[in-house]
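Sequences listed follow chains A and H, in order.
At position 288 of the first sequence the residue is numbered 288 (the working numbering), and the sequence of numbers has no breaks.
At position 635 of the second sequence the residue is numbered 1635 (the working numbering), and the sequence of numbers has no breaks.
All C-beta atoms, glycine included, are put in the ideal place defined by N, C-alpha and C.
Please read these numbers as outputs of a predicted model, since none were measured by experiment.
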Amino acid sequence: MIEMKNVTRSYDGVKAVDDVSVTIRENTVFGLIGTNGAGKSTVLRMIAGVLRPESGEITVDNMPVFDNMKAKRNLYFIADEPYFFANCNAVDMQKYLTGVYPEFAVTDFYNYLMNFGLDKKRKVNTYSKGMKKQLALICGVCSGARYLLCDETFDGLDPVMRQGIKSIFASEIERRGMTPVIASHNLRELEDICDHVGLLHKGGVLLSRDLEDMKCNIQKVQCVFKTAEDESKAISALDIMKNEKRGSLNVLTVRGSKAEILAIFATVNTIFFEALPLSLEEIFISETEVVGYDVKKLILG
Amino acid sequence: MTSKSSFLVNLKENNKRRLWVWVLSALILMLAFPVLAAMTVSQIRNGANSWADSYGQEAARAIIHARLVGAMSRELGFSTLKMLTTALLAIVSALQGFSWLYSRKKVDFYMGMPVKRKKRFFIIWLNGILIWLVPALLGLMIEALIAAGNGALDKTVILSALAACAVRLLFYLGVYHTAILAVMLTGNVIITCFGLAVLFLYEYAVRSLRMGYSSFFLDFYTGYRASEAPLLSPFSMYMKLAEGFHYENTLAPGHLAGLAAFALGVGALAFFCYLKRPAEAAGSSMTFAVTRPAIKILLTVPASLIAGILMAQAVNYQPKMDPDKGMGYMIFAILLVVVLGSGLIQVIYEFDIKGAVHRKREMLVSGALCALIFAAFRYDLTGFDSWVPAPEQVESAAFVPDNYEENRGDTCFDQEGRSVSAMEYADRYMYLRDVETLCDLARHSIDGYEQVAENYFKDYDEEKWGSWSTAKVLYRLKNGKQVCRKLLVNVNDEETVAFLDRVMGSGEFKEGYMPGASTQLQALLESGEYQVRASYGNMVYNEDMSREDAERLLAIYREDLEAASFSRIRDNIPEGVLRLQLSQDLPQSESYRGYERATRSWYVDVNIYSFNEKCMDFLKEKGYYMEYQFDPEDISYIQVMNRNSQAARELIEKRQQSADLSVEEQAAGMLMDDGEDIDTRSYAEYSRPEEIQQIASCSYPEDFVDNWDWDRGKKLDGEYRVYVYFRAESDLTRRFGTSAVYGFAQGEVPDFVAKDTAWRSGK
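Below, the structure is given as structure tokens:
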């Protein structure tokens, strides 16, 4: 488990991360979302032990991380622009990483390279940007580190590659409890990968929730009530986060499980009723609007 | 815990990324230098035939061997080229090894890896040393093989090579650690290069600036013991060790320890900065924000003051002659560079041109510091020029007139026979005990000079303002400090003369200033290591003197010296000069300062005056005495020329008066009559022996009577020139040609000559 407690970090007097407390549990894919400059990279760099927090505490499996080899062997950090040695190929990277990560899975590394169609002898500086990201991810996955910290690593990957990575993640999570932590400014990029999301804004954490919890606890309902009495009865019984009315059609975002909501609607007469799935984007919009933020502006621009 | 194998694996992995530095190092140290050594050997061997033709096979072999040994000592030893390449490789190695700190990508990668920061530093640091050390040792072995193959690898060469190698390793570490420190303090390679230049040159710049401002503004500043050479520089430490080795054939332990301490200290500081370096420093200008204002001010202030002094030179500002004329330009230049320098550094800090106008407070601090330093020198706020120690503070002192008694030989030397300057000689061997008189002299002179200084330069007139000669005073204070000051003394002032008589008449002064009086010379003579040649002469005639006579004369001279004082030397012209030549044969294989020499010689000239009565008696007794400057028997005739300058002036004046010009026109200088067409010179020739003898008794060569001598004593009469024509059969003709030029001392012109050459109108 990675724990950040009241962590603060600033650059030249400007706070990049301000009193952040987040817990990243094992066996999950944690998505760290935020706009540019929200502090995602700083958080990841601090977790990776690249930066030392000015105040607060970061522990990885209850061990402080900065310059702690035992803790860092459990981490692999892929920066937004992954670095590879000058004129090296995948084999050179493997040799280096084998030296620093004792549990580096060499066989898996070459298998993954083959599966992703990456030539192990080809110079990395001739790879495309996407290929470099794939190589970085393969290095990270094969390092044997439990926590894989990915800074904007998925941005720009094509859907097939994303699916491939997702399946690798799934198998590694299942096999050895790997915990990827993925930072991105794009909600849509994370939707199909993450199961826990933290939203950063202006250096602070707005929320941190399990995606499934959020999805199960928020429902979107479109309905047309038969009478005004039915409408007022249902509305008073529901925990409504948002209500849009287009003519006689009510579009409601409602907090609660699907069963609870269906039970309430069973007590009133409706002409039309439909429960719709919510996208991660919609969940975020709803959740953050409740606390007074306009997420569309924050994340979607 | 780091296992040995893991460490070696990391070392190997790190080396993979430093291959080009290895290649560069190997090319320079294992290829270029051995080739250079081979070329040097070949060049010397090529000269073998001509040596054999000139000196015979045996001698040629010895000469070539000596030359090879000398050349190999230089090539394998303290070669300047090797020092420079060592420095270059140290800088390249440091910059390349730690350049990952400049890039955020690389910092994220390396710092994210489970490798201890200290371990990473140590691996890169160690590799940086091996990159130089391994090729250097292998290259040295190749060079040694080349030398051995040519029979030039003897004890001297091996010793020189080993000593130089050890010093170069410390030097490498010194430069390498300084370069690492520069990397740690900066965030990109360009700023690192600037930083490195600052680290290497800052002390030199500050020292030069201090010396420059001191000599520019202060009347009594002397550069003796002041040096621009930085104390905290691996380059100057290396040079000192190399120089010491040339002289002593051993490494000075103090300097060696200094270089090692420097390397260690800077290395520790670099490591400390590495541990404290934040990752976000990558790509920025300066690593530690807290150091930025200090560094800006520390750079701006000397740069501005240097600009000020350059401007002063450009506008010919001479504060000692006119303290105010030109000062405005100097201040303007200082302020301009304060503004521009501060702005430029801030632009570099922020990578933004708008930064030029930020942080005005730091600009103000720089300006204030510049103003304070400028004022401290310009207005002597520290009281430097008026400082004279209280006599009770002074243990002993040395007083050294500049260029006094110049005919006393070309060298002073210490007890080991090493050449030293007159000031260094006095520094070592003059211990004046009458410090009260010296302090009084200093106070009297400083006060006197202060009153006349401005007028002295504006209206140079020795009659009005005095004759000021320069000297240096070294005060050895009781608290252990030693302070050296320039002193200007008015040698025409009676009170000053009285002081000088007491100071310069003392035995300590003579012991520490006149080599003829020194026990050092006596020690060299008694050592038996020197061949001595002696002669006595008056610049025209020279008589060889036996060693016994010379040593006896020297002993008598020391007894006679008691009578010598400033006034007596000033009022007399030397009767003759005792010249001693001390020569020492060096073994053929031994080199002196890196150059082969068979012998070395020192010359000591001792002026003998008429008041050295015992010397006079001895010279007369032994037949060395020369009554006249030249023997009438050698002279064919003498021609005396009198310029009659007074008559010329009168003629010009008369002509001006007779010209039809108004008083106003004359006052306005409209008549510019320089009298070029007026020739008042008169000549007279003398060939009769009694006339020649009389003229010979008062004629002197210019070497003996220097009109600008420190004591401003006897002068030649500028009105007369004495052309002495030698007889064709005389030995003097062969030595000096047909004639030589002499002069009369002031007030000693024979009456008949004055009469014969006086100006008569219509002549």
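Asked	Found
Any beta carbon of chain A sitting closer than 8 Å to that of K1105 of chain H?	yes
Along the chain, where does the alpha helix (DSSP H) that runs through Q1657 of chain H open and close?	1645-1658
What in chain H is Cβ-close to D230 of chain A, meaning under 7 Å?	Within 7 Å Cβ-Cβ: nothing; D230 of chain A doesn't reach chain H, min ~59 Å.
Using CA coordinates, which residue listed in H:Y1460, H:L1201, H:W1468, H:G1383 is at the minimum distance from A1303 of chain H?	H:L1201
Report, in whole angstroms, the separation of the C-beta atoms of T227 of chain A and N186 of chain A, which I expect to be a contact under 8 Å.	The pair is not a contact, with the Cβ atoms about 44 Å apart (cut-off 8 Å).
By alpha-carbon positions, which one of H:I1334, H:T1287, H:W1468, H:I1191 ends up nearest to E1494 of chain H?	H:W1468
I'd like to know if M1111 of chain H contacts chain B, where contact means its C-beta is closer than 8 Å to some C-beta of that chain.	The structure shown contains no chain B; the protein chains it does contain are A and H.
G1594 of chain H CB to nearest chain A CB: under 8 Å?	Only weak support is given to the placement of G1594 of chain H: the predicted model assigns it a pLDDT of 42, under 50, and the value that follows is read from those uncertain coordinates. Taking Cβ atoms only, chain A never reaches closer than 8 Å to G1594 of chain H, which makes this a no.
Mark L1767 of chain H as exposed unless 16 or more other C-beta atoms lie within 10 angstroms of its C-beta, in which case mark it buried.	No information on residue 1767 of chain H is available, as it lies outside the stretch 1001 to 1763 that chain H covers here.
Using a Cβ-Cβ distance cut-off of 8 Å, determine whether A1282 of chain H contacts chain A.	no
When you compare the CB positions of K1486 of chain H and F1220 of chain H, do they come within less than 8 Å of one another, or not?	yes
Which of the residues in the region 51-64 of chain A, read from start to end, lie with their CB under 9 Å from any CB of chain H?	L51, R52
Can you grab the Cα-Cα spacing for the pair I1044 of chain H / V1035 of chain H, in whole Å?	14 Å
Using 10 angstroms around the beta-carbon of K1354 of chain H, count the other beta-carbons present and answer buried if the total reaches 16, otherwise exposed.	exposed
From H:S1636, H:E1702, H:Y1723, pick the residue whose C-alpha is nearest to that of E1690 of chain H; which is it?	H:S1636
E1529 of chain H and K1614 of chain H - do their beta-carbons sit closer together than 8 Å?	no
Taking its Cβ as the centre, do 16 or more other Cβ atoms sit within 10 Å of Y1513 of chain H, making it buried, or is it exposed?	buried
Using the three-state DSSP reduction, which class does G13 of chain A fall into: helix, strand or coil?	coil
Tell whether a beta-carbon distance below 8 Å holds between V60 of chain A and P180 of chain A.	no
Out of curiosity, what's the CA-to-CA distance linking I1180 of chain H and K1276 of chain H?	14 Å
Work out the CA separation of C194 of chain A and K242 of chain A for me, nearest whole Å.	25 Å
Bridge partners of D210 of chain A, per DSSP?	A:H196
Are W1759 of chain H and A1647 of chain H touching if we call contact CB-CB under 8 Å?	yes
Could you check which residue in H:D1434, H:A1032, H:E1058, H:I1063 has the C-alpha nearest to that of G1047 of chain H?	H:I1063
Can you give me the start and stop residues for the alpha helix (DSSP H) that R1104 of chain H sits inside?	1104-1112
Would you check if there are 3 or more beta carbon pairs closer than 8 Å linking the region 1560-1576 of chain H to the region 1500-1517 of chain H?	yes
Would you list, in chain order, the members of the region 1011-1044 of chain H that have their beta-carbon closer than 7 Å to a beta-carbon of chain A?	E1013, R1017
Below 8 Å between beta carbons: does that hold for Q1629 of chain H and V1540 of chain H?	yes
If you draw a straight line from the C-alpha of W1020 of chain H to the C-alpha of L75 of chain A, how long is it?	32 Å
Closer than 8 Å, Cβ to any Cβ of chain H: which residues of the region 8-19 of chain A, in chain order?	Y11, D12
Taking beta-carbon pairs under 9 Å, can you tell me which members of the region 1338-1362 of chain H lie near chain A?	none
I'd like the span of the alpha helix (DSSP H) that includes Y1449 of chain H, first residue to last.	1435-1458
Under 7 Å between beta-carbons, which chain H residues line up against F77 of chain A? List them in chain order, please.	D1108, G1112
Starting from V1009 of chain H, find everything on chain A with Cβ-Cβ shorter than 7 Å and list it in chain order.	G99
Quick one: residues in its chain with C-beta nearer than 6 Å to the C-beta of G1326 of chain H, no 5 flanking neighbours on either side, listed in chain order?	V1315, Y1317
Does A1279 of chain H come within less than 8 Å of chain A when only Cβ atoms are used?	yes
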